Each structure stands twice: as structure tokens, then as C-alpha cells.
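Colleague: Position in the sequence shown (from 1) plus 4 gives the number in my numbering. Glycine is no exception: its CB is placed at the ideal position from the N, C-alpha and C atoms. Computed from a predicted model, the values in this text were never measured in an experiment.
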Amino acid sequence: MRITPLLALPAALALALFPGPAADAQSRPEALPQMGSSAASLITPADEARYGAMLMRELRRQDLLVADPLIEGWLQGLGFRVAASSGEPDHGYTFFMMRDRRINAFATLGGLIGMNAGLVLTAEREDEVAGVLAHEVAHVTQRHVLRSAEKSQQMQLPTMLAMIGALAAASQSNSRSSDDAMQAAVVGAQALMAQMQINYTRSNESEADRIGIETLSRAGFDPLGIADFFGRMERASRGNTGGWQAPEYLRTHPVTTTRIAEARDRAAAMAKQAPWRDAAVRDEGHLLLPAALRPLPSAANARPSEFHWARERLRVLTAPTARDAVAEYEKNPVTAPRPEVAYGHALAILRAGHASDAVTRLERLLAVDPTNLWLRLASAEALHKAGRPVEATRHYEGLLADNPQHRAITLSYAETLNERGDAGSARRAQALLRPLLAAASGDLLLQRSFARASELAGDANRAVEAHAEAAFLAGRAEDALRQFDSLKQRDDVDYVQRARVEARMAEIMPVVLEMRRAGLRPEDQGRERRS
Numbered sequence: 005m006r007i008t009p010l011l012a013l014p015a016a017l018a019l020a021l022f023p024g025p026a027a028d029a030q031s032r033p034e035a036l037p038q039m040g041s042s043a044a045s046l047i048t049p050a051d052e053a054r055y056g057a058m059l060m061r062e063l064r065r066q067d068l069l070v071a072d073p074l075i076e077g078w079l080q081g082l083g084f085r086v087a088a089s090s091g092e093p094d095h096g097y098t099f100f101m102m103r104d105r106r107i108n109a110f111a112t113l114g115g116l117i118g119m120n121a122g123l124v125l126t127a128e129r130e131d132e133v134a135g136v137l138a139h140e141v142a143h144v145t146q147r148h149v150l151r152s153a154e155k156s157q158q159m160q161l162p163t164m165l166a167m168i169g170a171l172a173a174a175s176q177s178n179s180r181s182s183d184d185a186m187q188a189a190v191v192g193a194q195a196l197m198a199q200m201q202i203n204y205t206r207s208n209e210s211e212a213d214r215i216g217i218e219t220l221s222r223a224g225f226d227p228l229g230i231a232d233f234f235g236r237m238e239r240a241s242r243g244n245t246g247g248w249q250a251p252e253y254l255r256t257h258p259v260t261t262t263r264i265a266e267a268r269d270r271a272a273a274m275a276k277q278a279p280w281r282d283a284a285v286r287d288e289g290h291l292l293l294p295a296a297l298r299p300l301p302s303a304a305n306a307r308p309s310e311f312h313w314a315r316e317r318l319r320v321l322t323a324p325t326a327r328d329a330v331a332e333y334e335k336n337p338v339t340a341p342r343p344e345v346a347y348g349h350a351l352a353i354l355r356a357g358h359a360s361d362a363v364t365r366l367e368r369l370l371a372v373d374p375t376n377l378w379l380r381l382a383s384a385e386a387l388h389k390a391g392r393p394v395e396a397t398r399h400y401e402g403l404l405a406d407n408p409q410h411r412a413i414t415l416s417y418a419e420t421l422n423e424r425g426d427a428g429s430a431r432r433a434q435a436l437l438r439p440l441l442a443a444a445s446g447d448l449l450l451q452r453s454f455a456r457a458s459e460l461a462g463d464a465n466r467a468v469e470a471h472a473e474a475a476f477l478a479g480r481a482e483d484a485l486r487q488f489d490s491l492k493q494r495d496d497v498d499y500v501q502r503a504r505v506e507a508r509m510a511e512i513m514p515v516v517l518e519m520r521r522a523g524l525r526p527e528d529q530g531r532e533r534r535s
């Protein structure tokens, strides 16, 4: 049986993403002991960042990430709020969303912290998502991956990441030999994971729980968030039998009643020391906390949460098809759904091609909540899709006036301008994107949008350069190198651009060589998927 890339990749990723054994540490992340461990010497920070970037490019290449600016902005904002209260706020973190609807989250090299869409769809409060992020941040600050590698010296970190490339290459071929190679790689990955489970100790997750709860509280979230999520997972595993399979999260983060009780006890202790300030659960409370420790509503402490809006948008974006997205909302119709649910339904209808219907639904929601960015942006997009460009432009310009250089608004507006197809609109898109591009040249969506705008505006050389950058960020380093080289050969390239291109070629060449060593052939890299 052929193994699909989506099924094979998690096994390979496990090599780099396993939650390894933790060294003993004091309860505060600032007190991380460094003496007596050579984990940091296994890989330099520069190499760690390099391997992390390699992993991100491979995830993009296989289209496994949710590449949506609003979702990315929400997750990054939530993650950095948590990380800022950790023991290493300056570590350098990247938070990203996998489109997989299975429940999982993980931390790996270079401060990369991934979360499956299924975890957000399962969570009921933003504090729960923040709690999982705090737990994964603790894995990073406590060097759990490196400490695990130290205990298994035969497992070299470059080899772990090279396995991803090998699996990816095999997954792109139709030959029987590639099937055999792929299955062998998966079996090897599973065997290695089994060994890691033998090495697994309860102190790993206990340490991450302890430090994560403290981080969560300092970040202003309900410290019970992580315990609540674990409790829901444990009840699901207890209440299902037969063919039910435990979520991936439970296999990589084993949950027991003792662990949940310890997490609740620590959360209660943290609440006594410094009551959490977030008001996201002001209408729910916590029956498990003594009355004196339950959160009270406070206008001064209230912080608007975007969790429910993000969750519904994610529900639509990760549905297999547009029809499935609509069906999820229509299978259990509600007379007066919550605004964020009605927003998700409108997005699903828009995705299904019924733009006029979506406009009407979004206008009703905006009449009640006219300043909501999620609604305003969706309305601008729907107006464009409905063939009402003047109104769409007015909405976009109003959004930018209120939120200058907002990434999600800028990218959406630029895409709309590019779809209009005329040179004037394209030049406007270029002008919008340039300030963001100067500050974030490693942004794949920005590079793709700028490349298209440059093409339409008649700026061919700049378009080729942006397309090459996009190819590299999407995991097609060899293709990027070829595009840069062809650009360098052109007579009309000025001195500044030529120097920039030559510098990028020198940076990309080692990556190309590394991909070749990993067995990832240029013909297996596919073509860029443009949005």
C-alpha cells in the first residue's frame, strides 16, 4: 500500500520533534541548571537555527502549514505573549499552525513550536491554547530535545532532519522502489520512537507542566488552562473504547489523573501568589477553585480575545473542501448563532463561491460590531469576490487607515489588487508591500504577492528576484538558485541588484548541497503553489 506524504511525514517529524527526557531543574525557568550537561555543545545556536529553517521550508514545500495571515498573526501574538514571560524571552521563537486536524503540538530545534489546527478546534478557551504553548515553550527553555539527543549519541540531529528530505523525495515518486524506501523509513522512525518511549520519564512532562503553568500565570492567563485541556483529553481517552484512537497529543504527552491533579494544585497555588489577570473566562468561572480564588469580572483587566474568531476561521480553512466547510455549519443549524460562528459560516459560504450571500451575512454582523477587524476584512474580501471593486477598495483603505501596515490587511488588499490585473493596481500593491518586505524578506506570502505585483507592473527583474526568494522559502532551493543565476546573467540588472543576487546565491548554495546530501532531488521539489 502506498503511504501518502501526509501520513508519512509525522513519523519522520517525530525524529526531530519528540519530547525527550528532561534533566532535573528547579521550578523557575530562570534557574535552569547548565553545569554537568553537554547538551548545548551538541549543536551550535547557528546550526540549530539552520536546521529549524530547513524544517520550516520542508513543511511549506509539502503545503502542511496554514498559510493565513490572520491565523498566523493571532498565533504569533499569543505565542510571543507567553514566551515573553518565560525564562528565556529572547531565545527566538517561531510559532506556526499545521493544517492537520488531529490534536497535537510540539517543540523542536531553533525555538520552533508547532500546533495542529485540531488542537485549537478542540480547545474551548484561549487559556487552554496558551497553556499548551507555555508547556511547549518550557520544552524549549529546558533544552529537552538537545538533552534527549545527548542521551542517544547515535542519533545525530542532522540525520533526523535529513530523514524528512528523504521521505519527501520518496513521497514524490511513483516507483515501487520509492514505496519500499518510504515504508522502510517509516518503520525506522517508528522503531526509534519506540526506543524513545522506553527512555521517556514522567519528569519530562512534569517539568514542562510546572514551568509552563508559572509562565502562563505570569503572562496573565488562567493558570488552570493547561490542566483543563489535559483533563478534557484524559476524559476523552477514558470514555472511548473500541476503534477509537488516542489523539497524537496523548501519545507524545501522556496524561494521568495524578498529572492533572498536580497541575491543578500548582495552578491554585499560582492563583494565590499572583491572581491571573485575563478575563477570557469571566462568564465561566472555575468550580474546581475555592470561591475566593475564582476570577471576578473586571473592566480594567478585560482583554478582548480573538480566540473564537480564529477558531472559526481555522475551521473553514482546514475543511477538506468548500462543500465540507459549509456542511459543518449547516448540519446543526442554530436560529441565533454566536457572532463568531455566523462569521465562520459566512467565510465557508464565501469559500464555496457564494460571495453575494457572504456579503449580506457579514453586513448584518458588522451592523452590530462595526470595528471588528475580522469582520471588516472578510467583508472587504467578499465585496471583491462579489464584483464590487469600489466598495471593496473603500473597505480596504479604511482598514489600512485604522491599522497602518497591518500584515493581514496589506496582503489581502495586495492580492485583490493583483487579481484586478492592471498595471495601476499592481503598482499600488507594490507600494503597499514594500515597507513590509523591507522588514521581513523571509516572508513567503509577501514575496509571492510582491512577485506577482512586480510582474503586472512591468518590473520584470524585481519579479524574478521575488519569485526566486519565494521558491527558496517554499523549500525549492535549487530552483531558487537557478532563477537567481538567470537573473544575474541579464544585461539590464543594475549594480545594486546584481550584488544582492550574488550574495543570496552564496547563501543558498550550502542549502542546495545539504538538500542533495539528504537525497532531495530537484525534480522531486515540485512547482511553487501560488495563492
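Cβ atoms of D269 and E132: under 7 Å apart, would you say?
Modeller: no
Colleague: Our contact map puts H349 next to Y333 with C-beta atoms below 8 Å; I'd like the distance itself, whole angstroms only.
Modeller: 4 Å
Colleague: With a threshold of 8 Å, are at least 3 pairs of Cβ atoms found where one atom belongs to the stretch 425-441 and the other to the stretch 459-478?
Modeller: yes
Colleague: Here's a check: name, in chain order, each residue in its chain whose Cβ is nearer than 7 Å to the Cβ of R85, leaving out the five neighbours to either side.
Modeller: Exclusion of the five residues before and after R85 leaves A223 as the residues of its chain whose Cβ lies within less than 7 Å of its Cβ.
Colleague: Comparing C-alpha positions only, which one of V497, A474, R508 sits nearest to R64?
Modeller: A474
Colleague: Roughly how many whole angstroms lie between the Cα atoms of I75 and Q487?
Modeller: 31 Å
Colleague: Spatial neighbours of T126 within its chain, please: CB distance less than 7 Å, with the 5 preceding and 5 following residues excluded, ordered by chain position.
Modeller: I107
Colleague: Less than 7 Å between C-beta atoms, sequence neighbours within five positions excluded: which residues of the same chain meet that for A455?
Modeller: By the criterion of a C-beta distance shorter than 7 Å, A455 is surrounded in its chain by A467, A470, H471, A474, once the five residues flanking it on both sides are discounted.
Colleague: Alpha carbon to alpha carbon, what distance is there between V505 and Y499?
Modeller: 10 Å
Colleague: Across which residues does DSSP place G118 in a beta bridge pair?
Modeller: Secondary-structure assignment with DSSP links G118 through a beta bridge to F100, F110.
Colleague: Can you name the start and end residues of the alpha helix (DSSP H) that E473 belongs to?
Modeller: 464-477
Colleague: I'd like to confirm the pairing. Which residues does DSSP put opposite L69 in its beta bridges?
Modeller: M102
Colleague: So, with DSSP's three-state summary, where would you put L491?
Modeller: Here L491 carries a helix assignment [DSSP, helix/strand/coil].
Colleague: Within 10 angstroms of its Cβ, does D495 collect 16 or more other Cβ (buried), or is it exposed?
Modeller: Answer is exposed; the Cβ neighbour count stays below 16.
Colleague: Quick one: using the 10 Å Cβ neighbour count with 16 as the cut-off for buried, is L228 buried or exposed?
Modeller: buried
Colleague: Return the residue from the list H388, I215, M102, A88 that minimises the CA-CA distance to R147.
Modeller: I215
Colleague: Which of helix, strand or coil does DSSP assign to P25?
Modeller: Note that P25 scores 33 on pLDDT, short of 50, meaning its location in the model is unreliable; the coordinates nonetheless yield the value given after this. The answer is coil: DSSP assigns P25 none of H, G, I, E or B.
Colleague: Starting from N422 and walking both ways along the alpha helix (DSSP H), at which residues does that stretch end?
Modeller: 411-424
Colleague: When you compare each of Y347, E209, L354 to T325 by their alpha carbons, which one comes out closest?
Modeller: For the residues Y347, E209, L354, the minimum Cα distance to T325 belongs to L354.
Colleague: I'd like the list of long-range same chain contacts for R105, defined as Cβ closer than 8 Å, with 5 residues on each side in sequence excluded.
Modeller: N120, A121, G122, L125, T322
Colleague: Assuming G56 contacts L116 (C-beta within less than 8 Å), just tell me the rounded distance between them.
Modeller: 5 Å
Colleague: Grouping DSSP H, G and I as helix and E and B as strand, with all else coil, what is V136?
Modeller: In the structure shown, V136 sits in a helix (DSSP, three-state: H, G or I).
Colleague: Would you tell me roughly how many angstroms separate the C-alpha atoms of E316 and N336, rounded to the nearest one?
Modeller: About 15 Å.
Colleague: Would you call the CB atoms of L79 and F110 closer than 7 Å?
Modeller: no
Colleague: What did DSSP end up calling V394 once you bin it into helix, strand or coil?
Modeller: helix
Colleague: Can V372 and A356 be called in contact, C-beta distance under 7 Å?
Modeller: No, the Cβ-Cβ distance between V372 and A356 is not below 7 Å.
Colleague: For A50, count the other beta carbons within 10 Å of its own beta carbon; 16 or more makes it buried, fewer makes it exposed. Which is it?
Modeller: exposed
Colleague: In chain order, what residues of the same chain lie with their CB nearer than 6 Å to the CB of T420, ignoring the 5 residues before and after it?
Modeller: H388
Colleague: Excluding the five sequence neighbours on either side, which residues of its own chain have a C-beta within less than 7 Å of the C-beta of L485, listed in chain order?
Modeller: M509, I512, M513, V516
Colleague: If contacts are defined as beta-carbon pairs under 8 Å, then L436 and A412 qualify, I think. What distance do you get, rounded to the angstrom?
Modeller: So it is not a contact: roughly 12 Å between Cβ atoms.
Colleague: Considering only C-alpha positions, which residue in the set L318, D361, E395, L440 is nearest to W378?
Modeller: L318
Colleague: Is the beta carbon of A386 sitting closer than 7 Å to the one on L366?
Modeller: yes
Colleague: Could you give the distance in angstroms between the alpha-carbon of Q409 and the alpha-carbon of L440?
Modeller: 7 Å
Colleague: Relative to the alpha-carbon of D94, which residue among A71, T145, M60 has its alpha-carbon at the smallest distance?
Modeller: T145
Colleague: What separation, rounded to the nearest whole angstrom, lies between the Cα atoms of H358 and G391?
Modeller: 12 Å
Colleague: Could you check the C-alpha separation between R521 and D489 for me, to the nearest Å?
Modeller: R521 and D489 have their C-alpha atoms roughly 22 Å apart.
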